[in-house]
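Everything below concerns the one structure shown next.
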Amino acid sequence: MSGLGADLIARVAARAADRYVFLVGIAGGVAVGKSTLARFIADGLEAAGLPVQIVATDGFLKPNAQLEVAGLGMKKGFPETYDTAALHAFLGDLAAGRRAEIPIYSHVTYDIVAGQARAVDGVGVVIVEGINVLQTPEARAQFGLSLYIDADPADAKAWYLARLHGIIAADPESFFAKLDPERRDAMFEAAWTHLNLVNLHEHIAPTMAYADVVVRKAADHALSELVIR
Numbered sequence: 018m019s020g021l022g023a024d025l026i027a028r029v030a031a032r033a034a035d036r037y038v039f040l041v042g043i044a045g046g047v048a049v050g051k052s053t054l055a056r057f058i059a060d061g062l063e064a065a066g067l068p069v070q071i072v073a074t075d076g077f078l079k080p081n082a083q084l085e086v087a088g089l090g091m092k093k094g095f096p097e098t099y100d101t102a103a104l105h106a107f108l109g110d111l112a113a114g115r116r117a118e119i120p121i122y123s124h125v126t127y128d129i130v131a132g133q134a135r136a137v138d139g140v141g142v143v144i145v146e147g148i149n150v151l152q153t154p155e156a157r158a159q160f161g162l163s164l165y166i167d168a169d170p171a172d173a174k175a176w177y178l179a180r181l182h183g184i185i186a187a188d189p190e191s192f193f194a195k196l197d198p199e200r201r202d203a204m205f206e207a208a209w210t211h212l213n214l215v216n217l218h219e220h221i222a223p224t225m226a227y228a229d230v231v232v233r234k235a236a237d238h239a240l241s242e243l244v245i246r
């Protein structure tokens, strides 16, 4: 990443200095690079001697079986498909310096892993990334610094498709790898057009207004601009 990345790390480090626990939220649409930016910031902070943990809010998606019963199977990722109360409780515990647990989500099976959870300590810098991290006042109130990654939707679509095909190539036993390629590609196109893009416009992009820093990305994933609020 460019010098803009170093500026971003310095900004987080300055805000987190002398804090027992400091939560950073990273929001943005599907496949814009939230986890990549979280890892980049974490590496920079760890190099400066700060303890860092990264959490993805995918763990608060409701299990697929529960979504199907509620008729929400084709709206996965929309606000109503998350256990928002559990997310709020999780963030509240961390912000208060308490250990909290988050369910584990698998991007191979595209479902919550039953009976498994990850413990996260309420200490140091905790980076929480996900499409929904800035969608409620209760969640926003817990972050000492909030970021929103902004990218051209056409670029995000290309990254989304590349990510899915990367999962298929890496794991022949994954859910999508077992589907007929023609049917699979049609599913990917439909998911982007009728799910991800709609969710972006209606629920995700509006949360940019709540971010302390808007991180703009170019087609090659490079950071092109930081807009400081």
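Residue numbers for the sequence shown follow the working numbering, so the first one is 18 and each next one is one higher. Idealized CB from N, CA, C, for every residue including glycine.
7 angstroms CB neighbourhood of residue i in its chain, flanking five on each side removed
{"i": "Arg157", "result": "Leu151, Ser163 and Tyr227"}
{"i": "Asp24", "result": "Leu243"}
{"i": "Leu84", "result": "Gly90, Lys93 and Thr98"}
Beta bridge counterpart(s) of residue i as assigned by DSSP
{"i": "Glu118", "result": "Ala136"}
{"i": "Lys163", "result": "Residue identity differs from the one stated: residue 163 is Ser in this sequence, not Lys. The partner list for Ser163 (beta bridge, DSSP) reads Gly42."}
{"i": "Glu219", "result": "DSSP output for Glu219 lists no bridge partner at all."}
{"i": "Val142", "result": "Phe39 and Val69"}
{"i": "Val244", "result": "Val231"}
{"i": "Asp128", "result": "Ser123"}
Where residue i falls, given that 16 or more other Cβ within 10 Å makes a residue buried
{"i": "Gly45", "result": "buried"}
{"i": "Tyr37", "result": "exposed"}
{"i": "Asp188", "result": "exposed"}
Sequence-distant residues of the same chain with beta carbon closer than 6 angstroms to residue i, five excluded per side
{"i": "Ala103", "result": "Phe77"}
Could you tell me whether the segment 131-147 touches the segment 208-219, where touching means 3 or more Cβ pairs closer than 8 angstroms? Too few Cβ pairs lie closer than 8 angstroms, so no.
Cβ contact check for the segment 131-140 and the segment 105-123: 3 or more pairs under 8 angstroms: Verdict: yes, contact present.
Ignoring anything shorter than 3 residues, give me the beta strand (DSSP E) runs that lie fully in the segment 25-112, in order along the chain. Complete beta strand (DSSP E) runs here, min 3: 38-45 and 69-73.
Between the segment 57-70 and the segment 121-134, can you find at least three pairs of beta-carbon atoms closer than 8 angstroms? With the cut-off at 8 angstroms, the segment 121-134 and the segment 57-70 do not touch.
Entirely enclosed alpha helix (DSSP H) segments - the segment 162-195, minimum 4 residues: Within the segment 162-195, the complete alpha helix (DSSP H) segments of 4 residues or longer fall at 170-187, listed in chain order.
Counting beta carbon pairs with one atom in the segment 57-64 and one in the segment 180-191, are three or more of them shorter than 8 angstroms? Segments in contact, no.
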